[in-house]
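Peer 1: If you're matching them up, the sequences are chains A and B in order. Just so you know, we're using the numbering used here here: the first sequence kicks off at 7 and counts up by one. Just so you know, we're using the numbering used here here: the second sequence kicks off at 1022 and counts up by one. Note that beta-carbon positions come from the ideal geometry of N, C-alpha and C, so glycine has one too. Just dropping this structure here.
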Amino acid sequence: MKILAKTKLVDFLKSLQGDSEVLVPLKRNGDLLFGTFDPEQPDIELKGKTAIPPKEYVFPQREKLFTFETNGNKVDIRDQASPPKRIIWGIRPCDLQGIKTLDTIYLSGYSDNYYQARRQNLILLGLNCNECCDAGFCHSLQTGPFAKDGFDLMFTDLGDKFLVAIGTEAGKALIDKSRGLFTEAMASDERKADELERSSWATFERRVDAKVAKARLPKFWNDACWAKDSASCILCGGCNWVCPTCHCFNVEDTATGARTSVRIKYWDSCQFGGFTQMAAENTRQTQAERYRQRVFHKMSYTPDKYDGALGCTGCGRCIEVCPGEIDFTVTLGRITQK
Amino acid sequence: MKENIYEPRLVTIKNIRDEAEGIKTFTLTFNDPALNAAFDYRPGQFGEVTIFGVGEAPISITSSPVNKGYLELTVAAVGDVTRALHLKRVGDVIGFRGPYGNGFPFAEVYNKDILFVAGGIGLAPLRSLINQMFAERDKFGKICILYGCRYPRLLCFTEELGKWSDLSDSEVLLTCDTNPESDWQGNIGVVGSLLPKIEVDLPNTVAFVCGPPVMIHFVIQDLLKMGFKGDQIITTMERRMECGLGKCGHCNIGVKYVCQDGPVFSYQQLQELGEKI
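The following block contains the structure:
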């Protein structure tokens, strides 16, 4: 474990720039979002989680898969250029878990080349949560408030300094590069971090019993809760856009000229009726069925298919963002308490 | 860099046959000779077809793996990609990637009597299996093919249906739901209405059912009433798909992805999955 004085954070982040884009949590127009670190305006926000997770750096909202150029019967297929190197500082434990889950989905079986290229060029420097955020329930899924793995380096805010845990060789190399900025942690620093973790746990109110919910879900397949709890859905897809593990996408070709076209992969929402629309019919016609699919996919299908991988990281963003105030922990509460 | 899983391979249209009203069969070969020689698949598998500038759509393979060196797709013009495919001519280049999916059981049903029940263009994937079974005829018992369409001009593979019925220990029965032009001498009624006309050695028979979802639904009900067990009924699931690789999420049902774990399922497996056919 290492120590970095808070006054040295900007110097450390400067040391990371060069061939990498460094992303940090920044407050812009009232929203907390990841943005490019600017040493001239180093107003890094140390409280709260970003409004959207950093999944766009591995799975962009829109990504060009191919450019096609046809000339008679000659077809030139080009895929996209290599993604930039990126380092994210300040990624929260819930979002580290989100990327772990996406890694499992996108890199197992057929490995998605685009995801893999972005992921290989990404370094994750995490920041533990000293208190619960709005709507968070990561503690009950054991994904937070302090991360156990999934990071290259993990920072804990001890007040005037950070305790820094090393997760990977890549993370260690970043410390070695600016060795002068770091000092060795003392036992008292680690004790302080342990205390902060305990006190953070005590700040959580919302909880989900994922194990019990998963075991009881099949019995609730035909329950009235799906229609009842999704009745206020306005079909905005917000719950999907802000979810660190939602990975569904659509693919569409668009002509860009008489002989050229592009193939785009972009985020899709299982809450939209069109998600399951086929030529002749739609297999999930009601919002109740679509809401049920979302909850089952998160809590049951993903862990069953991917060896326990978590479909929900407990970040709570789907609850915060929903204009219909749909709270899937309320649905899960009905299921675990009934 | 390793192979891009989403990259379509170039294929050339070698032949186009008018199969039925609004339905054409395309013969394709890969432009890369090595790939063309190596390409192998199982009946029931499918590929993603690209029409450059238009898009991509999942289409089942109707040729049989016993016929090396080309593949055939039988396609109804119903969406953007399939309508654009219908406008293509012999010699045109399109894209194809695959094969994807599990395919039909084959060695698992050796020595069984085989009952095919097909509706409309649903005969296309079954044709792949039928031809592979006839190529290894001694490994199967009686082969019975029941095929129905909405009206006569929609019947596909009419020449082959005749050939199949001439082969030993096989039976082919056709039907049309309606006969608007009064040019059909055969049975009139849904394909399930042919079931009482055949003799079935029930414990030793496996049924392969493929067609539109509503037809599959009713045929399965008929088969269950006849005494078929869930694991004796093999069918295919139709779902919206984008990637064919288990990533895009559209075809997810329970822990299964129809594109990877299907599209072929036994009725017993479908019941365990919960969602409708």
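Taking the DSSP output, what are the residues bridged to residue 68 of chain A?
Peer 2: Looking at the DSSP assignment, residue 68 of chain A forms a beta bridge with A:272.
Peer 1: Quick one: what's got a C-beta closer than 7 angstroms to residue 337 of chain A's C-beta in the same chain, skipping five residues either side?
Peer 2: Same-chain partners within the cutoff: 231, 235 and 301.
Peer 1: Does the segment 259–267 of chain A come within contact of the segment 1029–1036 of chain B, defined as at least 3 CB pairs closer than 8 angstroms?
Peer 2: Verdict: no, contact absent.
Peer 1: State the CB to CB distance for the pair residue 1263 of chain B and residue 65 of chain A, rounded to an integer number of angstroms; the pair is presumed to be in contact (CB under 8 angstroms).
Peer 2: Rounded, the Cβ-Cβ distance is 14 angstroms, inconsistent with contact.
Peer 1: Any beta-carbon of chain A closer than 8 angstroms to the one on residue 990 of chain B?
Peer 2: Chain B is shown only over 1022 to 1298; residue 990 of chain B falls outside these bounds and no answer can be derived.
Peer 1: Report all residues from its chain with a CB closer than 6 angstroms to the CB of residue 1299 of chain B; omit the five preceding and five following residues, and keep chain order.
Peer 2: The first residue shown for chain B is 1022 and the last is 1298, placing residue 1299 of chain B beyond what the model contains.
Peer 1: Please state whether DSSP places residue 1041 of chain B in a helix, a strand or coil.
Peer 2: Reduced to three states, the DSSP call for residue 1041 of chain B is strand.
Peer 1: Using the three-state DSSP reduction, which class does residue 1119 of chain B fall into: helix, strand or coil?
Peer 2: Strand.
Peer 1: Using a Cβ-Cβ cutoff of 7 angstroms, what residues of the segment 235–258 of chain A are near chain B? List them in chain order.
Peer 2: Answer set for the segment 235–258 of chain A: 253, 254, 255, 256, 257 and 258.
Peer 1: Going by the DSSP bridge assignment, what does residue 283 of chain A pair with across the sheet?
Peer 2: According to DSSP, residue 283 of chain A bridges with A:288.
Peer 1: Applying the criterion that 16 or more other CB atoms from any shown protein chain within 10 Å of the CB defines a buried residue, is residue 217 of chain A buried or exposed?
Peer 2: So residue 217 of chain A ends up on the exposed side.
Peer 1: Run through chain B and tell me which residues come within less than 8 angstroms of residue 322 of chain A, C-beta to C-beta.
Peer 2: Simply none; closest approach about 22 angstroms.
Peer 1: Assuming contact is defined by CB atoms lying nearer than 8 angstroms, are residue 139 of chain A and residue 317 of chain A in contact in what I supplied?
Peer 2: Not in contact: residue 139 of chain A and residue 317 of chain A (Cβ atoms no closer than 8 angstroms).
Peer 1: Taking only beta-carbon positions, decide if residue 1239 of chain B is within less than 8 angstroms of chain A.
Peer 2: No - not a single Cβ of chain A is within 8 angstroms of the one on residue 1239 of chain B.
Peer 1: Which residue from A:67, A:37 and A:54 puts its Cα closest to that of residue 273 of chain A?
Peer 2: Measuring from the Cα of residue 273 of chain A, the nearest candidate turns out to be A:67.
Peer 1: Could you tell me whether the segment 26–40 of chain A touches the segment 75–89 of chain A, using the rule of 3 or more Cβ pairs below 8 angstroms?
Peer 2: No, because fewer than three Cβ pairs between the segment 26–40 of chain A and the segment 75–89 of chain A fall closer than 8 angstroms, the two stretches do not touch.
Peer 1: If contact means a Cβ-Cβ distance below 7 angstroms, which residues of the segment 1064–1076 of chain B contact chain A?
Peer 2: Residues passing the 7 angstroms Cβ filter: 1073, 1074, 1075 and 1076.
Peer 1: Take residue 97 of chain A as the anchor and find which of A:39, A:82, A:111 and A:120 has the nearest alpha-carbon.
Peer 2: Looking at the Cα atoms, A:39 is the closest of the given residues.
Peer 1: Quick check: residue 92 of chain A and residue 26 of chain A, are their CB atoms within less than 8 angstroms of each other?
Peer 2: The answer is yes: Cβ separation under 8 angstroms.
Peer 1: Are the CB atoms of residue 11 of chain A and residue 166 of chain A nearer to each other than 8 angstroms?
Peer 2: Cβ atoms of residue 11 of chain A and residue 166 of chain A: closer than 8 angstroms.
Peer 1: Could you spell out where the beta strand (DSSP E) holding residue 99 of chain A opens and where it closes?
Peer 2: Not the beta strand (DSSP E): residue 99 of chain A falls in the alpha helix (DSSP H), residues 99–113.
Peer 1: So, with DSSP's three-state summary, where would you put residue 1241 of chain B?
Peer 2: Of the three classes helix, strand and coil, the one that applies to residue 1241 of chain B here is helix, per DSSP.
Peer 1: Would you list, in chain order, the members of the segment 1267–1278 of chain B that have their beta-carbon closer than 7 angstroms to a beta-carbon of chain A?
Peer 2: The residues in question are 1267, 1268, 1269, 1270, 1271, 1273, 1275 and 1276.
Peer 1: Counting only beta-carbon separations shorter than 8 angstroms, does residue 281 of chain A have a partner in chain B?
Peer 2: By this cut-off, residue 281 of chain A is an interface position.
Peer 1: Could you tell me which residues DSSP puts in a beta bridge with residue 260 of chain A?
Peer 2: Looking at the DSSP assignment, residue 260 of chain A forms a beta bridge with A:268.
Peer 1: Between the segment 1132–1142 of chain B and the segment 1222–1234 of chain B, can you find at least three pairs of beta-carbon atoms closer than 8 angstroms?
Peer 2: Verdict: yes, contact present.
Peer 1: In whole angstroms, what is the alpha-carbon distance linking residue 270 of chain A and residue 1074 of chain B?
Peer 2: In a straight line, the C-alpha of residue 270 of chain A is about 12 angstroms away from that of residue 1074 of chain B.
Peer 1: If I measure Cβ to Cβ from residue 156 of chain A and keep anything under 6 angstroms in the same chain, skipping five residues before and after, which residues do I get?
Peer 2: Result list for residue 156 of chain A: 102 and 106, in chain order.
Peer 1: Quick test of the definition: if touching needs 3 or more C-beta pairs under 8 angstroms, does the segment 1061–1077 of chain B touch the segment 1118–1133 of chain B?
Peer 2: Yes: at least three Cβ pairs fall under 8 angstroms.
Peer 1: When we look at the beta-carbon of residue 1016 of chain B and count the other beta-carbons within 10 Å, is it buried (16 or more) or exposed?
Peer 2: Summary: the structure shown does not reach residue 1016 of chain B, with chain B confined to residues 1022 through 1298, and so no result is reported for it.
Peer 1: At least one CB of chain B closer than 8 angstroms to the CB of residue 77 of chain A: is that the case?
Peer 2: Taking Cβ atoms only, chain B never reaches closer than 8 angstroms to residue 77 of chain A, which makes this a no.
Peer 1: Given this structure, state the Cα-to-Cα distance separating residue 1166 of chain B from residue 1140 of chain B, to the nearest angstrom.
Peer 2: For residue 1166 of chain B and residue 1140 of chain B, the distance between alpha carbons rounds to 11 angstroms.
Peer 1: What is the DSSP secondary structure of residue 221 of chain A, reduced to helix, strand or coil?
Peer 2: It is helical.
Peer 1: With H, G and I counted as helix, E and B as strand and the rest as coil, what does DSSP make of residue 1101 of chain B?
Peer 2: In this structure, residue 1101 of chain B counts as helix in the three-state DSSP scheme.
Peer 1: Give me the chain A residues within the contact set of residue 1146 of chain B, using Cβ-Cβ distance strictly less than 9 angstroms, ordered along the chain.
Peer 2: What residue 1146 of chain B touches in chain A: nothing, since even the nearest Cβ is about 16 angstroms away.
Peer 1: Across the segment 125–135 of chain A and the segment 302–309 of chain A, are there enough close Cβ pairs to call them in contact, namely three or more that are closer than 8 angstroms?
Peer 2: Too few Cβ pairs lie closer than 8 angstroms, so no.
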